[in-house]
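Colleague: Read in order, the letters of the sequence shown are residues 3 to 139 in our numbering. Quick one: the structure is below, questions incoming.
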Amino acid sequence: KGGSVGVKWSGLKSSGRAIEKITRSLGNDPSYLTDICRFMIAFENFEDLTKCLATLLTDEEVRVIRIKNRYSPDYDAAKSAGYRDVAINFRIKSDATLALGAEVHICELQLILLSFAEIRSVAGHRNYIQWRNFRGE
Numbered sequence: 003k004g005g006s007v008g009v010k011w012s013g014l015k016s017s018g019r020a021i022e023k024i025t026r027s028l029g030n031d032p033s034y035l036t037d038i039c040r041f042m043i044a045f046e047n048f049e050d051l052t053k054c055l056a057t058l059l060t061d062e063e064v065r066v067i068r069i070k071n072r073y074s075p076d077y078d079a080a081k082s083a084g085y086r087d088v089a090i091n092f093r094i095k096s097d098a099t100l101a102l103g104a105e106v107h108i109c110e111l112q113l114i115l116l117s118f119a120e121i122r123s124v125a126g127h128r129n130y131i132q133w134r135n136f137r138g139e
């Protein structure tokens with residue numbers, strides 16, 4: 003079964019937002035900033051999202067640091083203004099990353115349902131930023 007999947011390359015987090023996050027949310031410790039390099043994959047259904055997650059978790063070159071499951075029934079959606087995804091922070095340890103000295107770099111991959119990705123429009127993301135700034139995050 004081939005579902006519809008979309009990939010969004012988010013680019014690097016801006017230096018201004020990185021500094022803001024470090025001072026507001028990370029206790030002025032930049033070593034906790036783990037989403038400078040990030041991208042998103044959107045899926046039509048949970049089955050495909052789960053298959054992607056399983057593939058990532060079994061890849062021998064991927065070192066998962068953290069998984070934040072905002073789809074979990076235990077997750078308080080008020081913390082993210084109702085936004086849901088699965089955010090995976092990981093490192094890649096391969097011959098290429100070792101040669102470049104990049105094996106310690108942490109990236110973030112967001113797995114999201116298309117229905118949430120569509121809501122996360124430019125205006126929707128702008129509203130989220132205002133909400134986040136109001137909370138001081």
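Glycine included, every Cβ here is placed at the ideal spot set by N, Cα and C.
Alpha carbon to alpha carbon, what distance is there between Gly138 and Arg40?
Modeller: Approximately 22 Å, taken between the alpha carbons.
Colleague: Under three-state DSSP, which class holds Glu46?
Modeller: In this structure, Glu46 counts as coil in the three-state DSSP scheme.
Colleague: Assign Val88 to buried or exposed, taking buried as 16 or more other Cβ atoms, counted over all protein chains shown, within 10 Å of its Cβ.
Modeller: Looking at its Cβ environment, which holds 16 or more other Cβ atoms inside 10 Å, Val88 is buried.
Colleague: Give me the residue from Thr52, Gly103 and Ile38 with the minimum Cα distance to Gly13.
Modeller: With distances taken between Cα atoms, Gly13 lies closest to Ile38.
Colleague: Please list the terminal residues of the continuous alpha helix (DSSP H) segment that includes Arg19.
Modeller: Segment Ser17 to Ser27, the alpha helix (DSSP H) holding Arg19.
Colleague: For Asp31, count the other beta carbons within 10 Å of its own beta carbon; 16 or more makes it buried, fewer makes it exposed. Which is it?
Modeller: By the 10 Å Cβ count, Asp31 comes out exposed.
Colleague: Just list the residues that DSSP pairs Ile114 with in beta bridges.
Modeller: The partner list for Ile114 (beta bridge, DSSP) reads Ala44.
Colleague: Could you please give me the residues that DSSP links to Arg93 through a beta bridge?
Modeller: Answer by DSSP bridge pairing, in chain order: Arg65.
Colleague: Can you list, in chain order, the residues of its chain whose CB lies under 6 Å from that of Leu116, leaving out five sequence neighbours each side?
Modeller: Same-chain partners within the cutoff: Ala44 and Glu46.
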